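Engineer: When the sequence shown is numbered by our numbering, its final residue is 413 and no position is left out of the sequence of numbers. I'd like to ask you about the structure that follows.
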Amino acid sequence: MSRVVRRNSSRPVFSATAIQISGTRTPSRSKQTRSITSSVKMHNIARKRLEQYAGTVHNMEMDRIPIDPFEYLPEIMERLQKPGLLLSSGQQGNLMTIGWGTVGIVWKRPVFTVLVRPSRFSFELLRKNGNFSVCVPDTSSAHARAVAWCGTNSGRDGDKYKATGLTAQKGIINSIPYVKEFPIHYECRPLHVNHVLDAEIDGVIREQSYPEGNFHQIWWGEILGCWKKPEE
């Protein structure tokens with residue numbers, strides 16, 4: 182059972198074994214995989230950065246448990262590939278499906294990188310307010326349908342939260358809404374933005390992913406916090 186143990190009444194120490202993101206408990210990972218995802222150096226860096234934002238809370242009625250941003254990385258990367266994750270941006274929380282992204286350490290900070298094309302409504306929102314949240318679905322067909330719908334419809338045409346029946350919950354630190362029904366979410370602030378360059382990208386990737394141009398912009402978001410729903 183996941184839990185938060187308090188030390189010195191201020192700093193959370195994260196402890197978890199398995200997370201319920203598919204209706205059943207996720208099996209414990211092998212020692213080899215756990216040794217990779219539980220790198221002491223990565224965790225110490227992440228915790229040091231997250232502690233700086235511990236007092237910056239916008240949502241006081243928090244129904245989430247803080248977790249280490251790398252604790253369930255294999256499961257999250259699996260969800261990224263299928264059905265995808267949802268990027269939430271803008272103060273009202275527009276949702277966009279993403280299938281490409283990375284989580285790691287950059288500039289001694291825990292970072293989530295996301296790719297957004299200029300043609301997307303989310304691109305406009307990110308340019309106005311760079312903060313964003315990344316929401317991780319479970320393996321249910323209902324969540325998969327919501328992610329698929331958000332990937333084929335534009336937020337310019339209406340509220341995606343209402344259209345999919347999902348609930349926009351105000352962010353805990355960055356105030357950007359996250360999907361309340363999804364088991365895990367990250368909250369991020371931009372550290373750097375750069376464009377995919379036509380002249381620099383591999384030719385095969387250009388042909389496969391950018392036949393009409395519309396090159397992605399890459400957002401490097403410092404992870405301010407990562408949370409999960411309490412187990413029921």
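Note that CB positions come from ideal geometry on N, CA and C, so glycine has one too. Bear in mind that the values here come from a model prediction, so they are computed numbers and not experimental data.
#1: CA-CA distance, A329 and P318?
#2: Does F304 come out as helix, strand or coil in the three-state DSSP assignment?
#3: Tell me, please, whether the stretch 406-413 touches the stretch 371-385 by the rule of three or more beta-carbon pairs shorter than 8 Å.
#4: Identify the continuous beta strand (DSSP E) that holds K341 and give its terminal residues.
#5: Using C-beta distances below 8 Å, list every residue in its chain close to H376, excluding the 5 sequence neighbours before and after it, in chain order.
#6: Excluding five sequence neighbours on each side, which residues of the same chain lie with their C-beta closer than 8 Å to the C-beta of E362?
#7: Could you tell me whether the stretch 294-309 touches the stretch 249-265, where touching means 3 or more Cβ pairs closer than 8 Å?
#8: Going along the chain, which unbroken runs of the beta strand (DSSP E) with 3 or more residues stay wholly within the stretch 257-342?
#9: For S322, does the count of other Cβ atoms within 10 angstroms reach 16, so buried, or fall short, so exposed?
#10: What is the rounded straight-line gap between the Cα of K410 and the Cα of V385?
Structural biologist: From the atom records:
#1: 11 Å
#2: helix
#3: no
#4: Where K341 is concerned, there is no enclosing beta strand (DSSP E), although the alpha helix (DSSP H) it sits in stretches over K341 to T345.
#5: F396, H397, Q398 and I399
#6: H324, L347 and T348
#7: no
#8: 266-270, 275-279, 282-287, 290-297 and 313-317
#9: exposed
#10: 41 Å
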